[in-house]
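Notes for the one structure printed next.
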Amino acid sequence: GESVGLHLPTLSVQEGDNSIINCAYSNSASDYFIWYKQESGKGPQFIIDIRSNMDKRQGQRVTVLLNKTVKHLSLQIAATQPGDSAVYFCAETGLTGNQFYFGTGTSLTVIP
Amino acid sequence: KAGVTQTPRYLIKTRGQQVTLSCSPISGHRSVSWYQQTPGQGLQFLFEYFSETQRNKGNFPGRFSGRQFSNSRSEMNVSTLELGDSALYLCASSLISTGNYGYTFGSGTRLTVV
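In order, the protein sequences belong to chains A and B. Position in the first sequence (first residue = 1) + 35 = the numbering used here. Position in the second sequence (first residue = 1) + 806 = the numbering used here.
Right, dumping it as structure tokens:
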């Protein structure tokens, strides 16, 4: 079956520092990856995505890196703000591409 | 543009009862997927509907079912509720195909089974 894991369940960073959240995936055939942010009481919110033909993609204050060799995905948040405090999930489409497999999430706490 | 709307936001049901949850996708989105979210298991895929047809199904028992209407609105039903069904049920819509685009999630329905 599919397995998407995260290296750390919790992460605390000082406001203004950069954050790095990591994710390992098991299916080398996965073609599409997404990072989601979930705040308390809300559904997951799309942050950034990347396809398997790319190694890096940048958005506003966020960068996703994909290392297919070791099946590793990371999310970098620059100049972390209190509003970034949330649970972050990585998701992959897996072998069939018909559904997303989600990691268990990393809880990011930003310390003012 | 309205987002994905799920109703109700909260539900409390008794073991053995059944429940129906509703989801209205973003206008124009034809794919609706349902996920169960629990602290222990994370987000688990239930099923996906596209143009009123169930296109994909996760590993849940037959007590979990769903349907999609011609206006793309979707419902999911859980019969003979068990305590372990307590969870946040999330609906997500996508323009066309799950594998090519990300979802937009609703805020979920919090189901508590007592």
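Glycine residues also receive a C-beta, built at the ideal position from the N, C-alpha and C atoms. Since this is a predicted model, take the numbers as computed values, not measurements.
- By the Cβ test, the region 871 to 881 of chain B is in contact with the region 826 to 836 of chain B, since at least three Cβ pairs between them sit closer than 8 angstroms.
- Among the residues of chain A, those whose CB is under 9 angstroms from the CB of R861/B are N133, following chain order.
- What K77/A touches in chain B, judged by beta-carbon distance under 7 angstroms, is S913, going in chain order.
- When DSSP states are grouped into helix, strand and coil, D84/A belongs to the strand group.
- Nearest CB-CB separation between E888/B and chain A: not below the 8 angstroms threshold.
- Cβ proximity to chain B below 9 angstroms picks out D66, Y67, I69, Y71 and Q73 from the region 57 to 75 of chain A.
- The three-state reading of DSSP puts G846/B in coil, since its state is none of H, G, I, E or B.
- For T910/B, the nearest CB of chain A lies under 8 angstroms from its own CB, placing it at the interface with that chain.
- By the Cβ criterion, the region 113 to 125 of chain A is in contact with the region 65 to 73 of chain A, since at least three pairs of Cβ atoms, one from each stretch, lie closer than 8 angstroms.
- Here DSSP, grouped into helix, strand and coil, assigns G890/B to helix.
- In this structure, S63/A is the residue among L110/A, S63/A and Q111/A with its C-alpha nearest to the C-alpha of N88/A.
- The beta-bridge partner set that DSSP reports for R916/B consists of Y816/B and L894/B.
- Contact check for L887/B against Q823/B passes: the beta carbons are separated by less than 8 angstroms.
- Within the model, the alpha-carbon separation for T915/B versus P867/B is close to 19 angstroms.
- Taking C-beta atoms as the reference points, Q134/A and E858/B fail to come closer than 8 angstroms.
- Bounds of the beta strand (DSSP E) holding S828/B are V825 to S830.
- DSSP places E127/A in the uninterrupted beta strand (DSSP E) bounded by A121 to E127.
- Close CB contacts of P117/A within its chain, under the 8 angstroms cut and outside five residues either way in sequence, are with E50, V145 and P147 (chain order).
- For R873/B, the enclosing beta strand (DSSP E) has its first and last residue at F870 to Q874.
- Only residues of its own chain outside the window of five on either side were considered, and among them V810, P831, I832, H835, V838 and T910 have a CB closer than 6 angstroms to the CB of S899/B, listed in chain order.
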